[in-house]
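Engineer: Let me give you the structure first, and then I'll get to my questions.
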Amino acid sequence: MPRTCTLTRPLAGFLFLKVRVFVAASSITPQAPILPLRAQAHWVFAALLMLASGAAGLVWQMVWTAQFALALGHEILAVLSVMAAFFGGISAGSLLLAHRLERSAHPGRWYAGLEALIAGWALLVAFLSPLALPHLSRWIGAEPSASWHWALAFFVPLLVLLPATLAMGATLPAMERLLRRGDNQPLGWLYAANTAGAMAGLLFAVFFFVPKLGLLNTSLVFAGINALCAVSAWRVWGRDAAFGLSKTSANTVSPHERPEPLAGARVVGLRLFFTGLLGIGYEVLAVRVLSQVTENTVYTYAMLLAVFLLGTALGAAILRRSGPSMEVTTERIDQALGLLMWAMFLGGLSLWWADRSYALPTRWFGPGAGTALAGEWAAGMAAMLLPAMAMGALFTLLCRQAQQVRMPLGIAIGVNTLGAAFAPLLVGLLMLPLAGARAVLLVLLVGYLAMRSLKSWARPLGWVAVIGIVGLAVFAGPLRFVDVPSGGRILSYREGVMAAVSVVEDADGVARLHINNRVQEGSSASGQVETRLAQLPLLLHPSPQTALFLGYGTGYTANAAAMDPKVSVKAVELLPEVIDAAGIFALKVGAPASASPVTTVAADARRYVQSATDLHDVIVADLFHPARSGAGSLYTVEHFSAVKSKLAHGGVFCQWLALHQMDIETLRSIVAAFLKVYPNAIAVLASNSLDTPVVGLIARPDQPAWQIEAVRSRLSGLSPTMAKALRQAKLEDEFAVLGSVLAGPQGLEAFSRGAAVNTDDLPVVTHRAPWVSYSPQETPRDRLASLIHQLSPRATDVLGVGQDQDAVRLEAYWQARAKYLAFGMVVRPDADPRVMLDQLRRPLLEMVTISPDFRPAAEPLLALAEAVRETDPMLSAQVTSSLQSALSSPLSRPLATPLVNLH
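Take any residue in the sequence shown, note its place counting from 1, add 1111, and you have its number in my numbering.
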């Protein structure tokens, strides 16, 4: 099924703050002499500015990444290209302006101007991107080459965001230059404030601003914050020279900033580059592994990023006690590298027990949303806190060393950013898919060891580290999580560039598809349901020739559509590994046999719809889990509108929704969005399952009224093979097809009235649906009961005029179905057919009397009568006689399903 790749999205946030705040601690000196009151006031004011600037900077990165992903797609190539473009701009800003800021006598003016530029340009992007980005999707094309896709995904964001990202890369060097006063360096304050601001901006944006205000209003708020920083800085420092430095002393160097003979600028630069590369590489690795045990919601990544920020702040804060006179020697760098290596070793070891870390709060305090979030926090703390602390300390030392060799802070930031920007591409795109998580961890550990000096190997600690790495390589198993039931086995496991895809078979031979071990995307036992998901929308079109399926999963739904030789089927799937895994399901007994091969396309579903030029008679959107970060964009008004533009005349669009994955309020938001584009939509129930109910929203924009005779004619023209398949799927006649309707347009409008509409700007589903995954407040059958209570279909709301007799039969069918589902909520299953017959006989006979067309009530009675025939032939005859009497109504038809095929 098409998913939006969000496992890589949080890494951009990690990288942004790593570059921006790690290096901020480059000259922390808490033991500096007491400063004059005016200087202290300037430091406090600067810390407040950095608090606000840090919050705004991370929010901009989140907003821009989300906006570009809607147009460029969530394929890993596009995601990583956007990240590289974003941080390429930051790196360029640091490098290009570093020397100019060092020479400037008025860095306060620079800082104010940079903040103003960020505010103005960010506002411009916020207002224009919704208008321009859809054109970018069409420019890319539906099935672009990798080089073309990468080029646009890299250069367009790079150029569009360049003024703002250049400014972001230079704000911290400007503030550092402004406040530099010999050995009295206030950047410890700035570091703490910047980190606190980033954490606050992240958490407030994810938990409050975006879900309540939307992206545009959130942009307005944080553009105002940048503007406030600019105005405030100009009022305080606009006329002053650099605090503590005059024009004549702008390029003087303190005694502790003179070049150290053992570490030249080239060596420091290389270490900055590779620590950025290896540090972010570990973040990529940790997030990918943790994605196999966490819920992977928008809140998951906020928690992991918060853990990382906490670790870096603590590491740099601990190092502050080194004092202003500390000279950073090769020995101290070796010690920091050794500390980081061991911290990463311990953090990496915890990844093998990440599932236990995640489950610990729930085990102690019971299930709930709070304990689920605490579990994600705990897993992140175990894996990333110690490594992040060590990274903060090491970067502080390296940036202090850069000052000793007279390297401007901007150069240090730029070099570090450049190395860090390569990590997602190298680790996420190449190393993880090819070598696996365990091998990548070993490479990262060896990388830190390799940066130690030759003299450090004379001490035993380095060799102990080598022994530890060798032990990890020899004795540690694969770093992956796959839940295998008792008696089951793993049929397939693929570590892809975006997710781990596995196929697991249980003791009964039922295979299930999992993405990151957390999402069941279908099973080999769902053939009949998958046939209904494919054929219900196809049967509502008079003569479909082309069908597009957004989502492939096991391949059952798309192949069930392709059983009709008249229909050409294409399926779009984000993960190539899922397309490959579908071949396993095709070999299972009961798998739909397509009359012609399904054309599969590995692409982001939303981008594909926006950029494709061909039209389709039927488009079916599969079951996207709404809680997974990014999937909510497939339920927005904008996406539904794009789908509408790809429908041929008379075309049908169906969006399937799993009630076991969302609550009623989330469903109302999706329905409200659907009705904005398709005001004449209807809702259908895919099957009568109570524990995994699936609802479909179906629309035909050109012909809003549905004709029973059209469905009857469609069924009569099918081949014998298709007719048999539809009988097995309980879609044997027109009443079984239209009898699945839950509500017409008026009923859906009343149901969704007052609900927040899910849009690209206000991603309601993205932020609400996760709470159901964390802590479901009701069972799926309870949600279905609530939905049936609120929705009541009426023939006048669904059918066109002139169908009076059929309308009466259809409404009787709906009435019987409502009783059937309500009775199913309270029935008590029993292995004894006599006991079941005592429970079911009277209620089911009543339903058959109401609607002889309602076969779901008649068929169980026939099956039970057959089951008790040998032990109680009289009871069997009575049940059969009563049922035949009810079925003798002139409106009824003989049962289409033979007794031997009943389930």
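The beta carbon of each residue, even a glycine, is placed where N, CA and C say it ideally should be.
Thinking C-alpha only, which one of Val1876, Leu1160, Gly1390, Ala1281 is nearest Gly1558?
Structural biologist: Ranking the options by Cα distance to Gly1558, first place goes to Gly1390.
Engineer: Would you please state the rounded distance, in angstroms, between the beta carbons of Pro1284 and Pro1519? I believe it to be under 8 Å.
Structural biologist: So it is a contact: roughly 7 Å between Cβ atoms.
Engineer: Since Pro1544 contacts Val1593 with CB under 8 Å, what's their CB separation in whole angstroms?
Structural biologist: That pair is no contact at about 17 Å.
Engineer: Please go through the same chain and pick out, in chain order, the residues whose beta-carbon is closer than 6 Å to the beta-carbon of Ala1513, but skip the five residues on each side of it.
Structural biologist: Cβ neighbours of Ala1513 beyond the five flanking positions: Val1379, Ala1523.
Engineer: Just to confirm my understanding: we take Pro1967, look at its own chain, exclude 5 residues before and 5 after, and list those with CB closer than 8 Å. What are they?
Structural biologist: The answer, listed in chain order, is Asn1799, Lys1841, Arg1928, Tyr1931.
Engineer: I'd like the list of long-range same chain contacts for Gly1199, defined as Cβ closer than 7 Å, with 5 residues on each side in sequence excluded.
Structural biologist: Once the five neighbours on either side are set aside, the close Cβ partners of Gly1199 are Leu1269, Ala1532.
Engineer: By how many angstroms is the C-alpha of Ser1468 removed from the C-alpha of Val1551?
Structural biologist: The alpha-carbon atoms of Val1551 and Ser1468 are separated by roughly 22 Å.
Engineer: On the criterion of 16 or more Cβ atoms from any shown chain inside 10 Å, does His1760 qualify as buried, or is it exposed?
Structural biologist: His1760 comes out exposed.
Engineer: With DSSP run on the structure shown, which of helix, strand or coil describes Val1805?
Structural biologist: Note: Val1805 maps to strand in three-state DSSP.
Engineer: Is His1625 buried or exposed, if buried means 16 or more other CB atoms sit within 10 Å of its CB?
Structural biologist: It is buried - the Cβ of His1625 has at least 16 other Cβ atoms within 10 Å.
Engineer: When you compare the stretch 1678–1690 with the stretch 1736–1744, are there three or more beta-carbon pairs, one atom per stretch, that lie closer than 8 Å?
Structural biologist: Flag = no, the stretch 1678–1690 and the stretch 1736–1744 do not touch.
Engineer: Quick check on the DSSP output: the alpha helix (DSSP H) that includes Val1321 runs from which residue to which?
Structural biologist: Note, Val1321: alpha helix (DSSP H), 1321–1348.
Engineer: Alpha carbon to alpha carbon, what distance is there between Ser1824 and Ala1264?
Structural biologist: Spanning the two alpha carbons is a distance of roughly 48 Å.
Engineer: Could you spell out the range, first to last residue, of the beta strand (DSSP E) harbouring Ser1886?
Structural biologist: Taken as a continuous stretch (DSSP letters only), Ser1886 belongs to no beta strand (DSSP E), as it is neither H nor E.
Engineer: Taking Cβ to Cβ, would you say Arg1718 is nearer than 8 Å to Leu1183?
Structural biologist: Cβ atoms of Arg1718 and Leu1183: closer than 8 Å.
Engineer: Since Trp1767 is in the beta strand (DSSP E), which residue starts that stretch and which ends it?
Structural biologist: 1758–1769 is the extent of the beta strand (DSSP E) around Trp1767.
Engineer: Hey, how far is the Cα of Arg1399 from the Cα of Gly1865?
Structural biologist: Spanning the two alpha carbons is a distance of roughly 39 Å.
Engineer: Can you check which of these residues, Leu1460, Met1492, Gly1479, Lys1755, is closest to Tyr1412 by C-alpha distance?
Structural biologist: Taking only the C-alpha atoms, the option nearest Tyr1412 is Met1492.
Engineer: Quick check: the stretch 1820–1835 against the stretch 1671–1684, are there 3 or more CB pairs under 8 Å?
Structural biologist: Touching, per the Cβ criterion.
Engineer: With 16 as the cutoff for other CB atoms within 10 Å, does Phe1660 come out buried or exposed?
Structural biologist: Buried, since its Cβ has 16 or more Cβ neighbours within 10 Å.
Engineer: Since Phe1696 is in the alpha helix (DSSP H), which residue starts that stretch and which ends it?
Structural biologist: That run of the alpha helix (DSSP H) goes 1687–1697.
Engineer: Are the stretch 1727–1737 and the stretch 1766–1778 touching, with three or more C-beta to C-beta distances below 8 Å?
Structural biologist: Yes: at least three Cβ pairs fall under 8 Å.
Engineer: How far does the beta strand (DSSP E) with Ser1613 in it reach, from first residue to last?
Structural biologist: Segment 1611–1616, the beta strand (DSSP E) holding Ser1613.
Engineer: May I have a chain-ordered list of the alpha helix (DSSP H) segments no shorter than 4 residues that lie completely inside the stretch 1444–1516?
Structural biologist: As far as the stretch 1444–1516 is concerned, its whole alpha helix (DSSP H) runs of at least 4 residues are 1465–1476, 1480–1491, 1497–1515.
Engineer: Are Val1731 and Ala1658 close, meaning C-beta to C-beta below 8 Å?
Structural biologist: Yes, these two residues count as a Cβ contact at 8 Å.
Engineer: What's the C-alpha gap between Met1310 and Leu1540?
Structural biologist: The straight-line gap from Cα to Cα measures roughly 28 Å.
Engineer: Checking 8 Å against the spacing of the C-beta atoms, do Ile1419 and Leu1556 come in under that value?
Structural biologist: Reading the sequence as shown, one finds Phe at residue 1419 and not Ile. In this structure, Leu1556 does not lie closer than 8 Å to Phe1419 by Cβ.
Engineer: Pro1940 and Leu1975: beta carbons closer than 8 Å?
Structural biologist: No; because the gap between Cβ atoms is not below 8 Å, this pair is not in contact.
Engineer: Suppose contacts are defined by Cβ-Cβ distances below 8 Å. Is Thr1747 in contact with Pro1703 by that definition?
Structural biologist: Cβ atoms of Thr1747 and Pro1703: not closer than 8 Å.
Engineer: Using the C-alpha atoms, what's the distance from Pro1535 back to Ala1636?
Structural biologist: Ala1636 and Pro1535: Cα-Cα distance of roughly 38 Å.
Engineer: Can you list, in chain order, the residues of its chain whose CB lies under 7 Å from that of Met1958, leaving out five sequence neighbours each side?
Structural biologist: Cβ neighbours of Met1958 beyond the five flanking positions: Ala1927, Lys1930, Tyr1931, Phe1965, Ala1968.
Engineer: For Ala1997, which of helix, strand or coil comes out of DSSP?
Structural biologist: Looking at Ala1997 - three-state DSSP - the assignment turns out to be helix.
Engineer: Three-state secondary structure (DSSP) at Lys1681?
Structural biologist: Here Lys1681 sits in strand by DSSP.
Engineer: According to the Cβ coordinates, are Gly1392 and Val1538 closer than 8 Å?
Structural biologist: Yes, Cβ-Cβ distance for Gly1392 and Val1538 is below 8 Å.
Engineer: Where does Ser1744 sit, in a helix, a strand or coil, going by DSSP?
Structural biologist: Ser1744: helix per DSSP, three-state reduction.
Engineer: Do Ala1281 and Leu1339 have their CB atoms nearer than 8 Å?
Structural biologist: No, they are not a contact pair.
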